[in-house]
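For the sequence shown, our numbering gives the first residue as 13, with consecutive numbering after it. Positions of the beta carbon are idealized from the N, C-alpha and C atoms, including for glycine. Read the structure below first, then the notes.
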Amino acid sequence: MRVKMKSLKFKILGHSVIFLSLLTFFYSSEAEANCVVQNTNANLGTYPSTQVENGQVESTPFSSGLNCTGLATVTSATYLKYVVNNVSSSLVNINDPQKTIPLEVYERFTTSFTNDGTPVRVTNSYTESIKAITLLSLFFGPDGNLSMFATVPVQGTKIVPGTYRGTLTITWFYSIPALAILGLGNFYESPGFDRPLLGIGDPEWGSGITSTMTIELTVDRDCSLLVTPINFGTAPFAQKFNPVTNTLQIRCSAGTPYSVGLSNGSSGVAPRTMINQTDSSKKLAYEIYKANTIERWGNLGSERWHSDDATRNSEVYDGSTYQEYDATAKILDSNSNALPSGTYKDNVIVEVEF
13 MRVKMKSLKF KILGHSVIFL SLLTFFYSSE AEANCVVQNT NANLGTYPST QVENGQVEST
73 PFSSGLNCTG LATVTSATYL KYVVNNVSSS LVNINDPQKT IPLEVYERFT TSFTNDGTPV
133 RVTNSYTESI KAITLLSLFF GPDGNLSMFA TVPVQGTKIV PGTYRGTLTI TWFYSIPALA
193 ILGLGNFYES PGFDRPLLGI GDPEWGSGIT STMTIELTVD RDCSLLVTPI NFGTAPFAQK
253 FNPVTNTLQI RCSAGTPYSV GLSNGSSGVA PRTMINQTDS SKKLAYEIYK ANTIERWGNL
313 GSERWHSDDA TRNSEVYDGS TYQEYDATAK ILDSNSNALP SGTYKDNVIV EVEF
């Protein structure tokens, strides 16, 4: 940043007095103004893989690298231009560079919208040049930052969870009044900038200052479950209920093996029990077994069921295919035939662990 003072000599004393009084007025409002170009980091946040795949990611505003504070309306023009040297079209997985996520970066300036209100997308070699009396409407980001935002479009493939990064490199050119009137006074300027006298004509933009931003997005593992209730039907006695089979379907993020457990139900202990809906003291014991075995399906240790051993589609981790788990539910022979009639229910929680 460079602060430049431009002055003009007056031969008539009265004009000199007027000029100094106007400078005093603007000094009181502009004394704290400052502009800084700096490298920044934009963390877009953490999202489950399904949300990223569906294009449901839009960041909050983040600094694009230029920060100006203490601005106020003045009668000297402000010049601002930036050139995008490079912006990543994709975010790259830091552990597997072959895995990428498309990225789109947009301006968030009030002037940078198309006629239909669509924000302007920033791409390689994109240039924005602005001349204005004030930039108050542009520096509305956090701490006076010139803000941008990023989105992730709908994906055509499944995304492997992890941390993804990209970069945005911009060269800034600017001349912003700090204490000035009619193009005369102090200005915060990038290297080599030369203002046209009284704002007439085009400026010499100079070499500018370059900032580099790291853009980061974290994708969390996620799962989708398809569950249907287990219904034993109706029988006159506890021992007359037949075993029933059921299939649980689970699909997790690409490249994500997991294990799945079933809770002990409302009682919290084994064996599981269903409770009479009109008399909670009456309980019907039952169990759930893996496939057609007598191996209990629980939620601890070996009772859990690993995705590598699923009934169907085991070890298929493409993020699209459901693993299927066949289960057999059985009313236990230990139940008394003297249990009263009624509806018995239990709630079992399916727990997926990555």
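Asked                                                                                                                                                             : Found
Which ranges would you report for the beta strand (DSSP E) in the region 231-276 if only whole runs of at least 3 residues count?                                 : 235-238, 256-264, 271-274
Mind reading off the beta-carbon distance from I188 to L56? Whole number of angstroms is fine, and I expect it under 8 Å.                                         : At roughly 29 Å, the Cβ-Cβ gap does not stay under 8 Å, so I188 and L56 are not in contact.
For G331, I'd like the list of residues in its chain whose CB is within less than 6 Å of its CB, leaving aside the five on either flank, ordered along the chain. : K170, S265, A266
By the three-class DSSP mapping on this structure, what secondary structure does Q63 have?                                                                        : helix
Would you report the Cα separation of S314 and R308, rounded to the nearest angstrom?                                                                             : 9 Å
Which same chain residues end up closer than 6 Å to Q335 when comparing Cβ atoms and leaving out the 5 residues on each side of it in sequence?                   : I262, S319, A322, N325
Would you call the region 265-279 in contact with the region 167-181, where contact means no fewer than 3 C-beta pairs closer than 8 Å?                           : yes
Take S275 and list the residues in its own chain whose beta-carbon comes closer than 7 Å to its own, dropping the five residues that flank it on each side.       : N311, V360, I361, E363
So what does DSSP say about G313, is it helix, strand or coil?                                                                                                    : helix
Quick test of your reading: N254 and T240, contact by CB under 8 Å. State the CB separation rounded to the nearest angstrom.                                      : The Cβ separation is near 18 Å, so there is no contact.
Can the beta-carbon of R284 be found closer than 7 Å to that of G273?                                                                                             : no
Considering just the uninterrupted stretch of the beta strand (DSSP E) at E336, what are its terminal residues?                                                   : 335-343
Spatial neighbours of K357 within its chain, please: C-beta separation below 8 Å, excluding the five flanking residues on both sides.                             : M286, I287, Q289
Relative to the C-alpha of T328, which residue among S76, S202, E365, Y270 is closest?                                                                            : For clarity, residue 328 is Val in the given sequence; the question names Thr instead. Closest by alpha carbon: Y270.
Please return the same chain residues whose Cβ sits closer than 7 Å to the Cβ of L296, not counting the five positions on each side in sequence.                  : A250, T285, M286, I343, N347, L351, Y356
Could you tell me the distance, in whole angstroms, from the CA atom of Y59 to the CA atom of L229?                                                               : 8 Å
Look up E365 in the DSSP assignment and give the residues it is bridged to.                                                                                       : S271
Please classify L209: does DSSP put it in a helix, a strand, or coil?                                                                                             : helix
Given this structure, state the Cα-to-Cα distance separating D214 from F74, to the nearest angstrom.                                                              : 30 Å
Once DSSP output is grouped into helix, strand and coil, what is the label at S319?                                                                               : helix
Given a threshold of 16 other Cβ atoms within 10 Å of its Cβ, counted over all protein chains shown, does D108 qualify as buried or as exposed?                   : exposed
Got a sec? Which residues, its chain only, sit under 7 Å from V104 by beta carbon, not counting five neighbours each side?                                        : T112, Y176, R177, G178
Which of the three DSSP states is assigned to I324 in this structure?                                                                                             : According to the sequence provided, residue 324 is Arg. The question's Ile does not apply to it. In this structure, R324 counts as strand in the three-state DSSP scheme.
Which one of K143, Q63, M160 has the shortest CA to CA distance from Y186?                                                                                        : K143
When burial is assigned at 16 or more other CB atoms within 10 Å of the CB, is V69 buried or exposed?                                                             : buried
Buried or exposed for I212, please, with buried defined as at least 16 other CB atoms from any protein chain shown within 10 angstroms of its CB.                 : exposed
In whole angstroms, what separates the C-alpha of L92 from that of R133?                                                                                          : 18 Å
How many angstroms separate the CA atom of S159 from the CA atom of S76?                                                                                          : 5 Å
By Cβ distance, which residues of its chain are closer than 8 Å to P203, with the 5 residues on each side in sequence left out?                                   : R14, G218, S219, G220, I221
Identify whether G168 lies in helix, strand or coil by the three-state DSSP scheme.                                                                               : coil
Report the rounded CA-to-CA distance for T340 versus I106, giving the unit in angstroms.                                                                          : 43 Å
Nearest by alpha-carbon distance to Q63: which of D234, N136, A247 is it?                                                                                         : D234
Could you give the DSSP three-state label for V360: helix, strand or coil?                                                                                        : coil
From which residue to which residue does the beta strand (DSSP E) around Y91 run?                                                                                 : 90-99
Is Y301 closer than 7 Å to W317 when the C-beta atoms are compared?                                                                                               : no
To the nearest angstrom, report how far apart V166 and V117 are at their CA atoms.                                                                                : 15 Å
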